[in-house]
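Student: If you scroll down you'll find the structure; I have some questions about it.
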Amino acid sequence: MKKFWVLLFVLISSFLPVFASGRTSVTYVIDPEKNAYDHNNKGVIYVEEKCYYAAIQEFKMAISLNPKTQATAVYFNNLGKVYMIIGYPQLALDCFKNALTQYNLNFEYYQNLVKCYKQLNQIPAQLRIYRAKGDANPLDKVMLGLLYEYSGDTKKAIITLDEFAMSEPDLIITPAVKYHIQELVDSIL
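Following this note's numbering, the numbering of the sequence shown begins with -3 at its first residue and continues without gaps.
Structure below.
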């Protein structure tokens, strides 16, 4: 009987390589960047459906999955827009500032930040701050021009934004600034 079990064991062990696969098992790679993108897209869908709380949660997940990249600026901007919709401009302010910190060459981020300042009645204070900064950062002129626009001084806004466009013609943000200048000029004609 022992011989039978030994023979059976040898026979089975000789067939095992036949049944074993030559390739490794499939593994799933968790990609936080892709997951962040998916959460952002879900958040956008929730905004369209006016499910703002769910959208906020999705945008926050996207930010936490993929912090400190250019894409994160989009997530912060989307989160800030939702906070503005539901009436929390103070929370939106932090989001828009973070969006500009992550990527400062998107004109929409500047516009959203200035709208938030207007909602918080901070336009005069921000004008004083940006006038005092001077020309240390050329992108501060974009903010200054938009602050002039929202304070009601359209001519100064056009001049400031045009100075920026002339001094920085090769930046990615410049065509959007030029388009906005044209809109401002058309509005006063």
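From the three backbone atoms N, C-alpha and C, an ideal C-beta is built for every residue, glycine too. Computed from a predicted structure; not experimentally measured.
Please state the DSSP three-state secondary structure of residue 159.
Tutor: Counted from its first residue, the sequence shown places residue 159 at position 163. Residue 159 falls in the helix class under three-state DSSP.
Student: With a threshold of 8 Å, are at least 3 pairs of Cβ atoms found where one atom belongs to the region 23 to 30 and the other to the region 38 to 46?
Tutor: Two segments are said to touch when three or more pairs of C-beta atoms, one from each, lie closer than 8 Å; by this definition the region 23 to 30 does not touch the region 38 to 46.
Student: Compare the beta carbon distance of residue 169 and residue 72 with 8 Å and say whether it is the shorter of the two.
Tutor: Taking the sequence shown and counting its residues from 1, one reaches residue 169 at position 173. Taking the sequence shown and counting its residues from 1, one reaches residue 72 at position 76. In this structure, residue 72 does not lie closer than 8 Å to residue 169 by Cβ.
Student: In whole angstroms, what separates the C-alpha of residue -2 from that of residue 23?
Tutor: Start at 1 with the first residue of the sequence shown, and residue -2 comes out as number 2. Start at 1 with the first residue of the sequence shown, and residue 23 comes out as number 27. Rounded to the nearest angstrom, the two C-alpha atoms are 42 Å apart.
Student: State the Cα-Cα distance for the pair residue 54 and residue 185, rounded to the nearest angstrom.
Tutor: Mapped onto the sequence shown, residue 54 falls at position 58. Mapped onto the sequence shown, residue 185 falls at position 189. In a straight line, the C-alpha of residue 54 is about 43 Å away from that of residue 185.
Student: With distances taken from CA atoms, which of 94, 66, 65, 64 is nearest residue 75?
Tutor: Within the sequence shown, residue 75 is the residue found at index 79, counting from 1. Comparing Cα-Cα distances from residue 75 to each of 94, 66, 65, 64, the minimum goes to 94.
Student: Within a Cβ cutoff of 8 Å, which residues of the same chain sit near residue 177, ignoring the five residues on either side of it in sequence?
Tutor: Taking the sequence shown and counting its residues from 1, the one referred to as residue 177 is at position 181. Contacts found: 154, 157, 158, 161.
Student: Please list, in chain order, all residues of the same chain as residue 62 whose beta carbon is under 7 Å from its beta carbon, the five residues on each side excluded.
Tutor: Within the sequence shown, residue 62 is the residue found at index 66, counting from 1. Result list for residue 62: 28, 29, 32, 68, in chain order.
Student: CA-CA distance, residue 141 and residue 125?
Tutor: On the sequence shown, residue 141 is found 145 positions in, with the first residue counted as 1. On the sequence shown, residue 125 is found 129 positions in, with the first residue counted as 1. Distance between the alpha carbons of residue 141 and residue 125 is about 13 Å.
Student: Going by DSSP in three states, residue 118 sits in which element: helix, strand or coil?
Tutor: In the sequence shown, counting from the first residue as 1, residue 118 sits at position 122. Correct three-state label for residue 118: coil.
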